[in-house]
Each structure stands twice: as structure tokens, then as C-alpha cells.
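Here is the structure we will look at, set down as C-alpha cells.
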DNA sequence: ACCATGTCTGGGAACGTTTCCAAAAAGAGA
DNA sequence: TCTCTTTTTGGAAACGTTCCCAGACATGGT
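Residue numbers (full-length UniProt numbering), protein chains in the order written: chain A, 1 to 347; chain B, 1 to 347.
Next comes the structure, spelled out in C-alpha cells:
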């Protein structure tokens with residue numbers, strides 16, 4: 001790889017002059033400019049990123065931690081981040097959870113990797129860290145934002161969507177369509193964002209006179225396989241219900257797969273709604289009605305806040321983003337509200 | 001951030017000694033070792049990656065280029081790469097296609113970014129580059145492998161799966177289940193790997209006496225939306241057929257979504273098979289029969305070859321990986337082979 | 001001719017490591 | 001005690017950049 005010294009030598013100029021041409025700062029005579037440009041082209045010179053980072057202390061790199069790459073939840077957000085950062089002339093480095101330890105240990109290690117790599121700022125998507133981890137982290141690396149989870153100690157650097165509103169809207173959508181016998185597949189009880197949405201969902205049902213005490217509810221791990229097994233368990237239980245709320249789209253997709261297999265017709269026999277509005281909801285069979293969470297707005301504002309703190313910018317940062325419902329075929333109005341839904345035994 | 005100078009000063013030793021402790025190379029007396037270790041812990045010292053890279057010329061980083069992050073195709077492969085690299089003590093940096101230019105321009109830019117970043121080696125997943133781009137690239141950066149596509153000029157650095165066999169197996173699966181009236185949704189004609197699998201599929205049908213001249217075939221862009229619209233077009237055409245082959249799983253999932261919507265029962269009225277065996281196939285409705293391509297084997301061998309060339313290793317590299325069928329509910333045997341399938345008009 | 005005011009240029013210093021090399025210290029054998 | 005080896009140590013050099021400073025050179029006003 002050619003260095004700037006080679007460029008300077010070939011162009012017959014000094015180091016400083018060559019550097020001025022490369023960086024575009026400082027004045028250079030037109031004749032020299034042309035000479036150096038030619039040398040750069042001839043040698044296919046590209047400045048060493050490592051050297052620049054070492055000298056300037058800034059890597060122009062933002063690190064992103066996500067727990068897993070698979071699934072349909074994180075990748076769209078990653079895509080948004082990458083686009084925004086590129087537009088700002090920055091680059092994204094991603095770390096995933098990996099290794100032997102538990103989710104918390106993986107997160108700590110992944111984040112350590114990003115710091116070590118010299119990232120100017122960090123974007124963290126994890127809800128398994130404890131406040132104390134954040135405390136230790138803040139000591140090492142101040143410039144970071146957290147997406148989709150709020151840590152009390154750094155609430156100002158956390159950007160979340162309104163899961164209370166999301167849960168409530170899911171309930172409203174079902175109630176508005178006449179459903180009152182509703183089953184729920186919740187996510188892990190250890191994840192605060194899951195708890196918030198499910199609690200809000202149940203609260204809204206109660207506020208409308210639904211007895212949530214006798215409602216069928218189970219907990220799964222946010223995976224399609226979990227949704228599938230939960231759906232099977234629900235059907236096997238023969239618990240009467242006309243609608244199913246899944247706390248994320250992936251579980252809803254898994255549930256739809258089971259219902260098709262079992263011969264349960266969605267939405268005619270059973271309505272299903274999801275949560276998140278990930279790409280997997282758009283072409284499921286049937287297409288999934290789901291709570292559209294403002295991931296894009298959350299992400300963009302988080303990035304803006306981070307860049308402000310990293311590079312002394314004044315990008316606008318707002319909080320509180322609208323939650324909407326994406327209505328698709330998996331939700332239908334209950335024709336006869338009072339009568340329990342008839343269901344077939346799985347084929 | 002503390003530097004090794006701070007460590008040396010705090011421990012009361014010279015720079016070289018501190019460095020020896022950090023890198024673990026060279027002999028240090030037990031007493032000094034303890035002192036330096038303590039200083040490192042106290043200052044929470046972490047060696048600067050940039051400085052190491054600058055000095056050694058090796059970044060311990062492997063760059064991966066993929067065209068898009070969304071969808072279910074690339075992420076599992078990315079996950080495999082990340083796991084393998086971590087196990088080897090290396091790190092992965094990913095670049096996606098982004099920006100204004102076409103796919104080819106995006107790939108060139110993304111790869112340029114990876115080179116600039118100082119990656120020791122490159123893993124490229126793209127079939128839009130031309131041989132001449134590879135030629136230009138090879139001039140700049142020799143250490144690279146290409147996955148899922150073969151460039152003649154660097155065939156030894158390309159790792160692919162056998163799409164001829166894959167296409168043939170898809171055909172065999174349908175023929176074995178009695179299907180002879182088969183529709184096809186191909187991928188983009190510009191992508192060689194698509195062409196190979198579809199040609200092999202058709203060839204196998206012909207070899208078994210199916211007249212592929214009058215077979216219904218359309219071309220889409222590998223997306224679920226494309227699969228959906230192709231399925232609709234097929235139904236609207238009222239072309240008689242008992243099975244549909246989609247050239248990838250994403251299109252198959254989109255097609256399944258349409259069939260559900262239109263009231264076409266899969267597999268009873270129409271069998272559907274996909275290609276790739278991505279995670280999206282596992283919990284579709286119905287679950288998708290698909291050609292399981294050996295992505296893991298391909299990826300691992302590609303990584304091995306790359307690491308051999310980057311770090312003078314002797315990891316085993318093989319070629320030619322088994323292709324299998326993953327049989328799921330979307331494929332059923334044709335009960336009455338001679339009789340055309342009855343179909344309803346979409347609701 | 002002289003000085004003031006620019007514009008342009010070249011090279012040293014610094015960034016944080018590791019890798020040398022030489023020197024100091026410590027044993028070991030006589 | 002002296003010499004010869006071995007272990008341990010400290011610091012200079014280098015990696016490729018950018019920034020700064022000083023100097024060269026031109027321009028223009030007196």
C-alpha cells in the first residue's frame with residue numbers, strides 16, 4: 001500500500017504539501033495540486049485509517065451492539081442506523097452477542113469490543129444489562145445512547161418507544177372489533193419492555209370490563225418456535241377465545257403457522273394480532289395486523305443525540321413518537337359478539 | 001483513555017517492560033509483572049487498536065460485503081461468519097450496499113470502505129460485480145474470497161454451492177410427488193446463480209418427459225412482494241398447474257401469503273416449494289418444503305481459505321457440499337396425476 | 001530599494017504501540 | 001574476586017498521518 005510519503009516523493013513535493021492536498025485543508029498552488037493529484041491517482045493512494053485515528057483520536061466510527069442478528073427485529077433498525085451514519089460521513093461497526101456466557105456477559109463483551117475498536121460513540125440495544133453495568137460503562141465511555149430500553153441512571157441517553165401506548169392500542173384494536181375473549185402470548189417476563197406492553201394491554205382490557213383474571217396467557221421467548229408451541233397449547237387447552245395477542249410479530253408468525261397446520265382459519269375462527277410491525281408481518285399468511293412501533297423515529301433521534309455529543313453538533317432531538325396500528329387480514333370483526341367462537345379440533 | 005506510558009509511569013517501569021506485560025511476549029520478573037498488572041487494572045488500560053494496527057500492519061479484522069441487510073438470506077450467513085471469526089480471535093466488519101448508485105457501484109464503494117478500514121481480508125457476497133471489477137480489486141487487495149458466486153479469474157478464491165444439483169433436486173422432489181404441471185417463479189435473469197438453478201430445474205423436468213415449453217414461468221426480484229404478485233398473476237392466468245417452484249424462499253413465502261388470501265389451499269390444491277432453506281421457511285403457513293443449500297459448509301470453507309491466505313494457516317479447505325431437501329407441509333403428493341387441479345376463483 | 005503582507009512550501013513533532021538493541025543486574029563457575 | 005552467561009530492563013526507532021512553525025517566494029505600496 002502506498003503511503004503519503006510515496007505520493008510526496010513521486011510528485012516531487014514535501015510531506016506537508018502532499019498532506020494538504022489529501023486533506024483539502026490549507027492552500028496549494030494549482031500546479032502543485034495537479035502534480036500531487038496525479039501521483040495519488042498513479043499510486044492509487046488511500047490514507048491509512050489507522051494512522052488518522054491514532055493522530056486525531058477520532059475514528060469516525062459508531063459502534064452498535066445488538067444481541068442477535070437473526071430474526072426480523074434488529075436488522076431493519078441496523079439498516080436505518082447504517083443509512084443515517086453514512087449520510088453523516090460516518091461508519092457503523094456492529095457487535096453481536098456471542099460466546100459462552102449468558103446474555104448479560106455477552107453484552108458486556110460485545111460492548112468492550114466496540115470500545116476497544118475505538119468507536120467514537122456507542123448505540124446499545126439490550127435490555128439485559130443492569131444499571132450497575134451501565135454505571136461501569138459510563139465510567140469508561142461516556143458517549144453512548146440506548147435504544148428501546150431506559151436505564152434510570154442515564155435516562156437522558158435512552159430512546160424508547162411508548163410500549164404503554166402500544167399495548168393499549170393492541171387492546172383497543174381487538175375491543176373495537178368486538179373481541180372480548182382474548183388469549184395472550186407474552187414475551188419473557190425478564191424484559192421490561194415486554195412487561196410494559198402486556199400490562200398496558202391487560203389494563204386496557206380491564207378498563208373495558210374484560211375479566212383478565214380468567215384470560216388465557218402464556219409466556220414465550222419472542223421466537224417463531226415459541227409462538228408455534230404457544231398456539232398449540234392454546235388450541236389443546238380448548239380455552240374459548242376469539243382473538244390472540246402476541247407480544248411480538250415473530251411469535252405471531254409462528255402462531256399463524258400452527259393455526260394453518262391445525263386447520264384453524266385466521267381470522268374467521270380466530271383473529272391474531274402482533275406487535276412491532278417487522279417485515280415478517282407483511283407477507284405472512286394471512287398478513288398480520290400489528291402495532292406499528294415508531295422504530296425509525298426512535299432510532300433517528302437516538303442517532304442525532306449521539307452525534308451531538310460525539311461531534312458537537314446541533315441536530316434536533318425529540319421524544320415521544322406516534323404509535324399506529326397496521327391493519328391487515330389477520331384481524332376481523334367478531335360477527336356475533338355474545339356467542340363463543342366455534343372451533344374445530346385440529347386435523 | 002490511559003496509554004501504556006501512563007501504565008509504565010504508575011508502575012515505575014520502562015515503556016518496554018510495560019509493553020512486554022501487555023503483549024505477554026518477552027521475559028519479565030514476577031515482581032515487575034505484578035506491579036504492571038496492578039497499574040493496568042487501576043487505570044483500566046486497554047491498548048489502542050489503531051496504534052497496534054498502524055505498527056503491525058494487521059488489523060485482525062475481516063471485512064464482509066453483503067448487498068442488503070434486510071431479508072432472511074444474508075443474516076444467517078453473517079452469523080456463521082461472526083462466530084467463526086470470533087473463535088479465531090478475529091473480528092468482523094460488515095458493509096452493506098448503500099447510496100445512490102446502482103448495485104454494482106454500491107458494491108464497489110462498500111468494498112472500498114472495507115479496504116480503507118484496513119481489513120486483513122475480505123469476504124464478498126455479490127453477484128453484480130464484473131470480472132473487470134474483480135481484476136481491479138485484486139490489484140489492490142489480494143486477500144479475499146467470494147461466496148455464492150464464481151468469478152473465472154479467481155475461481156480458486158470462490159466458494160459456491162451446487163445450484164445445478166439444487167435445481168435438479170427441486171425438480172426431483174416435485175416429480176417424485178407426482179407433479180408434472182408446474183409453474184416457476186424465477187429470480188432475476190441477471191443473476192447467474194438464479195439462472196443455473198432454474199435451468200437445472202427445467203432440464204430435469206425435460207429429462208422426465210415434461211414439456212417445459214408450455215410451462216408457466218415468470219421472473220421476480222427474490223422479494224416476498226415479488227412472490228406475492230407472481231402468485232396472483234399465476235392464479236389470474238388460470239394456467240393449470242399442481243405445483244409451484246419459487247427460486248428462493250422469500251418469494252415462496254410471499255406466494256404462500258397470496259394463496260392464503262385467495263383461498264387456495266396449500267398443499268391440497270397447489271404444492272409450493274422454495275429454495276435456500278432460510279429461517280423464514282420454517283414457520284411459514286404452511287411450513288415450506290425447500291431445497292436445503294449448504295450455506296454453512298460453503299461459508300466455513302470460504303473462511304478457512306481466507307484465513308489461510310491472511311495468516312499463513314493450514315486450515316482444511318474442501319469443495320463440493322451436499323444438497324438436501326427439507327420436506328415440510330407445503331408439498332403433497334398429487335392424488336390423481338392425470339386430472340388437472342381444480343381451483344377456485346380468488347375471493 | 002525597502003519593507004509589509006500575503007501565499008505557498010518543507011519538515012519536525014506527535015499520536016500509542018511493538019520491536020529491537022544495548023546495558024544493567026543477577027547468577028554461576030572457577 | 002573475576003569472568004562468562006543469562007535474565008531483566010529502559011529507551012530509541014518505526015508505523016502513516018496531520019498540525020504547526022518557519023522559511024521561501026511573490027506582490028504591492030511607499
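Positions of the beta carbon are idealized from the N, C-alpha and C atoms, including for glycine.
I'd like the span of the alpha helix (DSSP H) that includes residue i, first residue to last.
i, result
"residue 348 of chain B", "With chain B running from 1 to 347 in the structure shown, residue 348 of chain B is simply not present."
"residue 139 of chain A", "131–140"
"residue 111 of chain B", "103–116"
"residue 241 of chain B", "Taken as a continuous stretch (DSSP letters only), residue 241 of chain B belongs to no alpha helix (DSSP H), as it is neither H nor E."
"residue 35 of chain A", "30–43"
"residue 15 of chain B", "15–23"
"residue 27 of chain A", "Run containing residue 27 of chain A: none; DSSP gives neither H nor E here."
"residue 54 of chain B", "49–56"
Can you look up residue i in the DSSP assignment and give me helix, strand or coil?
i, result
"residue 236 of chain B", "helix"
"residue 283 of chain A", "coil"
"residue 268 of chain B", "coil"
"residue 258 of chain A", "helix"
"residue 330 of chain B", "coil"
"residue 122 of chain A", "strand"
"residue 185 of chain B", "strand"
"residue 299 of chain A", "helix"
"residue 201 of chain A", "helix"
"residue 307 of chain B", "helix"
"residue 218 of chain A", "strand"
"residue 72 of chain A", "coil"
"residue 251 of chain A", "helix"
"residue 335 of chain B", "coil"
"residue 194 of chain B", "helix"
"residue 316 of chain A", "coil"
"residue 180 of chain A", "coil"
"residue 87 of chain A", "helix"
"residue 226 of chain B", "helix"
"residue 342 of chain A", "Here the model assigns residue 342 of chain A a pLDDT of 47, short of 50, so the residue's position is not dependable and the matter cannot be decided."
"residue 347 of chain A", "Its pLDDT being 39, under 50, residue 347 of chain A is placed unreliably by the model, and the measurement read from it follows with that caveat. Coil."
"residue 211 of chain A", "coil"
Hey, how far is the Cα of residue i from the Cα of residue j?
i, j, result
"residue 31 of chain B", "residue 222 of chain A", "52 angstroms"
"residue 224 of chain B", "residue 278 of chain A", "13 angstroms"
"residue 216 of chain B", "residue 234 of chain B", "8 angstroms"
"residue 3 of chain B", "residue 44 of chain B", "10 angstroms"
"residue 161 of chain B", "residue 310 of chain A", "44 angstroms"
"residue 327 of chain B", "residue 248 of chain B", "15 angstroms"
"residue 260 of chain B", "residue 254 of chain B", "10 angstroms"
"residue 7 of chain A", "residue 114 of chain B", "22 angstroms"
"residue 166 of chain B", "residue 293 of chain A", "39 angstroms"
"residue 5 of chain B", "residue 37 of chain A", "38 angstroms"
"residue 346 of chain A", "residue 237 of chain A", "With a pLDDT of 47 at residue 346 of chain A, under the threshold of 50, the predicted position of this residue should be treated as unreliable, though the coordinate-derived value follows. When rounded, the distance between both Cα atoms is 12 angstroms."
Using DSSP's beta-bridge definition, name the partner residues of residue i.
i, result
"residue 159 of chain A", "A:147"
"residue 276 of chain A", "A:292"
"residue 246 of chain B", "B:185"
Kindly list, in the order they appear in chain A, the residues whose Cβ is closer than 7 angstroms to that of residue i.
i, result
"residue 49 of chain B", "116, 117, 118"
"residue 329 of chain B", "261"
"residue 106 of chain B", "Simply none; closest approach about 11 angstroms."
"residue 253 of chain B", "283"
Over the uninterrupted beta strand (DSSP E) stretch that includes residue i, give me the two end residues.
i, result
"residue 92 of chain A", "91–96"
"residue 325 of chain A", "324–326"
"residue 352 of chain B", "With chain B covering only 1 through 347, there is no way to say anything about residue 352 of chain B."
"residue 7 of chain B", "It is not in any beta strand (DSSP E) - residue 7 of chain B instead sits in the alpha helix (DSSP H) that spans 4–11."
Determine the chain A residues that contact residue i at a beta-carbon separation under 9 angstroms, and present them in chain order.
i, result
"residue 297 of chain B", "Here the premise fails: no neighbours, minimum Cβ distance about 18 angstroms."
At 7 angstroms on the CB atoms, spell out the chain B contacts of residue i, in chain order.
i, result
"residue 260 of chain A", "285, 286"
"residue 53 of chain A", "50"
"residue 75 of chain A", "69, 70, 75"
At 8 angstroms on the CB atoms, spell out the chain B contacts of residue i, in chain order.
i, result
"residue 82 of chain A", "69, 96, 98"
"residue 175 of chain A", "Near residue 175 of chain A there are no residues of chain B at all, since even the closest Cβ is about 25 angstroms away, more than 8 angstroms."
"residue 78 of chain A", "69"
"residue 113 of chain A", "91"
So which residues of chain A does residue i contact, with C-beta pairs closer than 8 angstroms?
i, result
"residue 140 of chain B", "44"
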